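Chemist: In our numbering, each residue's number is its place in the sequence shown (first place is 1) plus 51. Ideal Cβ positions, reconstructed from N, Cα and C, are used throughout, including at glycine. These numbers were taken from a predicted model, which means no experiment stands behind them.
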Amino acid sequence: MSGYIQSETDELATELCSPLPRERVIFTCIMNAIAFGFTVLALIPLLSILWEIFVRGISGLKGEMFVKAVIDYGFGNAILGTIIMVVIGAILSIPTGIMTGIFLAEFGQTNSIASFVRFISSILTGVPSIVVGVFAYGVIVLVTKGFSAIAGGFALAVIMLPVIILTTEESLKLIPTSQRLASAALGGTRFQTTLRIVVTAAIPGITTGILLAVARAAGETAPLIFTALFSLDWSEGLLSPTASLPVLIFNLYNDPDPQKNQLVWTTSIVLLGLILCVNIISRLVIRQRRLK
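1) Is the number of C-beta pairs between the stretch 231-239 and the stretch 113-129 that are closer than 8 Å three or more?
2) Whose C-alpha, out of Ala93, Leu327, Phe281, Ile153, is nearest the C-alpha of Arg247?
3) How far does the alpha helix (DSSP H) with Met211 in it reach, from first residue to last?
4) Met52 to Val76, Cα distance in whole Å?
5) Between the alpha carbons of Phe281 and Pro255, how many angstroms are there, rounded?
6) With DSSP collapsed to three states, give me the class of Asp123.
7) Looking at Leu143 and Phe205, is the spacing between their C-beta atoms short of 8 Å?
8) So, with DSSP's three-state summary, where would you put Asn83?
9) With distances taken Cα to Cα, identify the nearest neighbour of Ser173 among Phe198, Ala141, Asn162, Val209.
10) Count the CB pairs spanning the stretch 179-186 and the stretch 267-279 that are closer than 8 Å, and state whether there are at least three.
11) Enumerate in chain order the residues of its own chain whose CB-to-CB distance from Thr175 is below 6 Å, with the five nearest sequence positions on each side excluded.
12) How about Asn83 and Ser286: are their beta carbons less than 8 Å apart?
13) With three or more C-beta pairs closer than 8 Å as the rule, is the stretch 317-335 touching the stretch 211-227?
14) Can you tell me the Cβ-Cβ gap for Val137 and Leu207, rounded? I've got them flagged as a contact below 8 Å.
15) Roughly how many angstroms lie between the CA atoms of Ala253 and Ala86, to the nearest whole one?
16) Once the 5 residues before and after Thr272 are set aside, which same chain residues still bring their CB inside 7 Å of it?
17) Using 10 angstroms around the beta-carbon of Phe89, count the other beta-carbons present and answer buried if the total reaches 16, otherwise exposed.
18) So, with DSSP's three-state summary, where would you put Lys196?
19) How long is the line joining the alpha carbons of Tyr188 and Ile326, rounded to whole angstroms?
20) With H, G and I counted as helix, E and B as strand and the rest as coil, what does DSSP make of Thr176?
21) On a Cα-Cα basis, can you pick out the residue from Pro146, Leu314, Thr195 that is closest to Gly114?
22) Rounded to whole angstroms, what's the CA-CA distance from Pro70 to Met211? Just pull it up for me.
23) For the alpha helix (DSSP H) that contains Ile248, what are its first and last residues?
Listed below in structure tokens is the structure:
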């Protein structure tokens, strides 16, 4: 019996180690070539856009532009306004999104309310940003009777919220059930297990979701047109119209002034750089998580 099993094992090993038939090798090479070709086709538009922005914008990039307002042919106030509104959006959305994600993953598996919240969150990820801007306009701008950075931050928070909720939920679901059972066996309550074990283990995934949401919010234009409007000079406060990088590009793109037109391309480089930095950080977080 053992000899028969050994012979079967040897035959299987020989079959696995034998070279593939020529037809399969040719088919594999053809499919690899097709996949490579489509990858190149997908990269051509992206690389052409990046090249066009870099060529047109790099010549006008100067150090003093980072500390000057738009009225002085700089974008310092737009960078500051973008950061302020993204921070406001993060303050509003991150705690709410994480707590909602924890509820959906750990306490609402069979809850009808959780199913409804999950359904609404999925829908919100596909809502056009201009609709979010109109909503924020009706909720904040009409009530306060003025465009402001707070209204812009609220609109960005609405955009960031579903991304954070869904990524938090999925990150928590990836944590093995054995860790929850081990914590319970050691006397930990469900609340202690969730916060000290599950959430702690899922921090890299949650952080990645937050960074991706921030990167998306930083490049939004339509919501800020309806809420924060724009300002050529430095903002007077959180309750006044505030400049941002995307709206600067939108407002000045068709301006006949050559300097302002050049400013648009230079601003595009800065905006792409900010979003690229955020995405690189998220990738590093993912890589660190895989190494662990």
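Modeler: For this structure:
1) no
2) Counted from its first residue, the sequence shown places residue 247 at position 196. Per the Cα distances, Ile153.
3) Locating residue 211 in the sequence shown gives position 160, where the first residue counts as 1. 200-224 is the span of the alpha helix (DSSP H), which, as asked, contains Met211.
4) Mapped onto the sequence shown, residue 52 falls at position 1. Mapped onto the sequence shown, residue 76 falls at position 25. Annotation note: pLDDT 47 at Met52 (below 50); position unreliable, coordinate value reported separately. Each residue's alpha carbon lies about 37 Å from the other.
5) Counting from one through the sequence shown, the residue named residue 281 turns up at place 230. Counting from one through the sequence shown, the residue named residue 255 turns up at place 204. Taking the straight line joining both Cα atoms gives about 36 Å.
6) If you number the sequence shown from 1, residue 123 lands on position 72. Correct three-state label for Asp123: helix.
7) Taking the sequence shown and counting its residues from 1, the one referred to as residue 205 is at position 154. Taking the sequence shown and counting its residues from 1, the one referred to as residue 143 is at position 92. Against a cut-off of 8 Å, the Cβ pair of Leu143 and Phe205 comes out as a contact.
8) Working through the sequence shown from its first residue, we reach residue 83 at position 32. Of the three classes helix, strand and coil, the one that applies to Asn83 here is helix, per DSSP.
9) Taking the first residue of the sequence shown as 1, we reach residue 173 at position 122. Taking only the C-alpha atoms, the option nearest Ser173 is Val209.
10) yes
11) For the purposes of this step, residue 175 is identified with residue 124 of the sequence shown, where counting begins at 1. The question names Thr, but residue 175 is Leu in the sequence shown. Pro213, listed in sequence order.
12) For the purposes of this step, residue 83 is taken as residue 32 along the sequence shown, with counting starting at 1. For the purposes of this step, residue 286 is taken as residue 235 along the sequence shown, with counting starting at 1. No, the Cβ-Cβ distance between Asn83 and Ser286 is not below 8 Å.
13) no
14) On the sequence shown, position 86 is the one that residue 137 refers to. On the sequence shown, position 156 is the one that residue 207 refers to. Right, the Cβ-Cβ distance comes to about 6 Å (below 8 Å), so this counts as a contact.
15) Walking along the sequence shown from the start, residue 253 turns up at place 202. Walking along the sequence shown from the start, residue 86 turns up at place 35. So the alpha carbons of these two residues sit roughly 34 Å apart.
16) Position 221 of the sequence shown, counting from 1, holds the residue named residue 272. Cβ within range, chain order: Pro297, Val298, Phe301.
17) Counting from one through the sequence shown, the residue named residue 89 turns up at place 38. Answer is exposed; the Cβ neighbour count stays below 16.
18) For the purposes of this step, residue 196 is taken as residue 145 along the sequence shown, with counting starting at 1. Looking at Lys196 - three-state DSSP - the assignment turns out to be coil, as it is neither helix nor strand.
19) In the sequence shown, counting from the first residue as 1, residue 188 sits at position 137. In the sequence shown, counting from the first residue as 1, residue 326 sits at position 275. Each residue's Cα considered, the two are about 25 Å apart.
20) Here residue 176 refers to the residue found at position 125 of the sequence shown. Thr176 falls in the coil class under three-state DSSP.
21) Residue 114 sits at position 63 when you count from the first residue of the sequence shown. Checking every option, the nearest Cα to that of Gly114 belongs to Leu314.
22) In the sequence shown, residue 70 corresponds to position 19, counting from 1. In the sequence shown, residue 211 corresponds to position 160, counting from 1. Their backbone Cα atoms lie some 51 Å apart in a straight line.
23) Reading the sequence shown from its first residue, position 197 is the one you call residue 248. Neither: Ile248 is in no alpha helix (DSSP H) and is coded neither H nor E.
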